[in-house]
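Encoded as structure tokens, the structure appears first; notes follow it.
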Amino acid sequence: MDYWLVKFAPFRYSWEDILRNGKFEIYSVRNPQSRNNLKSMRLGDEVLFYHSQVGNCIVGKMKVVEEAHQDKTTADPRWVSVTFEPIETLQNPISLATIKTTEELEKIGLVMQPRLAVMSLSNIEYKILINDLKSIV
Numbered sequence: 006m007d008y009w010l011v012k013f014a015p016f017r018y019s020w021e022d023i024l025r026n027g028k029f030e031i032y033s034v035r036n037p038q039s040r041n042n043l044k045s046m047r048l049g050d051e052v053l054f055y056h057s058q059v060g061n062c063i064v065g066k067m068k069v070v071e072e073a074h075q076d077k078t079t080a081d082p083r084w085v086s087v088t089f090e091p092i093e094t095l096q097n098p099i100s101l102a103t104i105k106t107t108e109e110l111e112k113i114g115l116v117m118q119p120r121l122a123v124m125s126l127s128n129i130e131y132k133i134l135i136n137d138l139k140s141i142v
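Under the numbering used here, residues 6 to 142 are what the sequence shown spells out, in order.
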């Protein structure tokens, strides 16, 4: 299993929208690195959902339920979409400020490539986020 982080602006589609609809399909991703990350996702991979632009925090955990398929917003076969299902709402969202002050996360994509919408997480980064930081208020 691999681990990922997906950023999305809550005024476009929020964690609450995901919970209400029971799934989230990310589309219109046009960055080649993010696209390649979407193509690398496999069924059951765990994905952290990050509210970007407003809130700037990890708010929930999802899993991949449909691997990369044609992005419905374009006929260009290079661009793909992935569908996720929510599995956990974090009691205490993990803020960007907390992530930036955690030494073991200094090279995380969220810090090193802040404009990237879809990024991989190492096993260690994921465990620090989920096991250590999610309980911090």
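Every residue, glycine too, gets a C-beta built ideally from N, C-alpha and C.
Item	Value
Where do the N-terminal and C-terminal ends of the alpha helix (DSSP H) with Tyr18 fall, by residue?	First-last for Tyr18: undefined, no H or E at that position.
Could you give the DSSP three-state label for Pro37: helix, strand or coil?	helix
Expressed to the nearest angstrom, what Euclidean distance is found between the alpha-carbon atoms of Arg47 and Thr94?	21 Å
Have a look at Asn36, Asp7, Ile63, Pro37 and flag the residue whose alpha-carbon is nearest the alpha-carbon of Ser100.	Ile63
Measuring CA to CA, which of Ala80, Asp50, Ser57, Ser39 is closest to Met6?	Asp50
Quick check: the Cα distance between Tyr32 and Asp137, rounded to an integer number of angstroms?	31 Å
Give the secondary structure of Ala73 by DSSP, where H, G and I count as helix, E and B as strand, and everything else as coil.	strand
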